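Asker: Supplied in structure tokens, the structure appears directly below.
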């Protein structure tokens, strides 16, 4: 089977439509369709079936995608090994990170990778946990986060590496009645104006969990995904917020630990199961874990 056609099949599994594959691979949709038909003849079985106006993978197609992952990963390992003999850079690895995670970990990760002849290309992607696996179409490693009580992603083509756990604390402004306290109970927060992130992100998931525990729906007055903005608003007493502990910086804010409840987000690095056998990917995953250990110490 032709390697390029296997790449096209894998792109279809990642991106979902022939049009999206064509755009990503700089091809025409008709060329993509033709290459997939040829691959089906090479495999000797139908890899695609009609689904309305679109096509989807058959069971055989999905099985072949798993094998394509293995073949492409093996080729990438061979390329990296040959580069080491030429004294070139050993590899290039693409890393997606959510913004607050990047602020905490990326500088240290780049420092750890700088002497390994591996080029790290980083990009920030602020997506919900359930949408993070789709980013593997464009990145080798995706750093994402979830409420620690939420289930971990389970997909055949996704490998999960736990990087760290970050507690989530209450943040109030200097003029708030709770300012100066070190702890707070859930019962003391029933009548507050909350500033939260958009729904589907870990901090808001924690807020909803706390609401379930108290039986009182939170009164969310603002939804903003930039923790710097949230912290600035809290500092000026425009509401209270839940924030990841290592994102709290403003000296005009007071941080309180929530007692009687475990509230935290878990950082996870997603990669392809065969992809993490590449030296560059494996070393990047190790650097993320090491930096996470250092940040949480």
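In the working numbering, the protein residues as written are 4 to 300.
Using N, Cα and C, we set each Cβ at its ideal position, and we do this for glycine too.
It should be emphasised that the depicted structure is a prediction, and the values quoted were computed from it without experimental measurement.
Quick one: measure Cβ to Cβ for residue 288 and residue 274, integer angstroms, because I've assumed they're closer than 8 Å.
Answerer: Against the chain shown, residue 288 aligns to sequence position 285. Against the chain shown, residue 274 aligns to sequence position 271. Yes, residue 288 and residue 274 are in contact; Cβ-Cβ is about 7 Å, under 8 Å.
Asker: Report all residues from its chain with a CB closer than 8 Å to the CB of residue 126; omit the five preceding and five following residues, and keep chain order.
Answerer: Your numbering for residue 126 matches position 123 in the chain shown. Here the set comprises 97, 98, 99, 100, 142.
Asker: Could you pull out every unbroken beta strand (DSSP E) segment of at least 3 residues lying fully inside the stretch 240-283, listed in chain order?
Answerer: Fully enclosed beta strand (DSSP E) runs of 3 or longer: 243-247, 256-261, 267-274.
Asker: Just list the residues that DSSP pairs residue 48 with in beta bridges.
Answerer: Within the chain shown, numbered from 1, the residue matching residue 48 stands at position 45. Beta-bridge pairing links residue 48 to no other residue.
Asker: Helix, strand or coil: how does DSSP classify residue 156 here?
Answerer: For the purposes of this step, residue 156 is identified with residue 153 of the chain shown, where counting begins at 1. Coil.
Asker: Restricting to Cα atoms, I'd like to know which of 74, 191, 161, 83 is closest to residue 175.
Answerer: Sequence index remark: in the chain shown, residue 175 carries index 172 (1-based). The shortest Cα separation from residue 175 among 74, 191, 161, 83 belongs to 191.
Asker: Hey, how far is the Cα of residue 284 from the Cα of residue 162?
Answerer: Within the chain shown, the letter at position 281 stands for residue 284. Within the chain shown, the letter at position 159 stands for residue 162. So the two alpha carbons sit approximately 12 Å from each other.
Asker: How long is the line joining the alpha carbons of residue 77 and residue 94, rounded to whole angstroms?
Answerer: In the chain shown, the residue the question calls residue 77 occupies position 74. In the chain shown, the residue the question calls residue 94 occupies position 91. When rounded, the distance between both Cα atoms is 14 Å.
Asker: From this set, 281, 64, 261, which residue's C-alpha is nearest residue 84's C-alpha?
Answerer: As a working mapping, residue 84 is identified with position 81 in the chain shown. Per the Cα distances, 281.
Asker: Does the Cβ of residue 154 have 16 or more other Cβ atoms within 10 Å, making it buried, or fewer, making it exposed?
Answerer: Residue 154 sits at position 151 when you count from the first residue of the chain shown. Residue 154 is exposed by the Cβ-count criterion.
Asker: Per DSSP, what kind of secondary structure is residue 170 in: helix, strand or coil?
Answerer: Position 167 of the chain shown, counted from the first residue, corresponds to residue 170. If DSSP states are grouped into helix, strand and coil, residue 170 belongs with the strands.
Asker: What would DSSP say about residue 11, mapped onto helix, strand or coil?
Answerer: Start at 1 with the first residue of the chain shown, and residue 11 comes out as number 8. Three-state DSSP puts residue 11 in a helix.
Asker: In this structure, does DSSP put residue 182 in helix, strand or coil?
Answerer: Here residue 182 corresponds to residue number 179 of the chain shown, with the count starting at 1. Of the three classes helix, strand and coil, the one that applies to residue 182 here is coil, per DSSP.
Asker: Where residue 67 and residue 39 are concerned, what is the direct C-alpha to C-alpha distance, given to the nearest angstrom?
Answerer: Taking the first residue of the chain shown as position 1, residue 67 is located at position 64. Taking the first residue of the chain shown as position 1, residue 39 is located at position 36. Roughly 12 Å between the two C-alpha positions.
Asker: Helix, strand or coil for residue 231? Go by DSSP, reduced to three states.
Answerer: On the chain shown, position 228 is the one that residue 231 refers to. Helix at residue 231.
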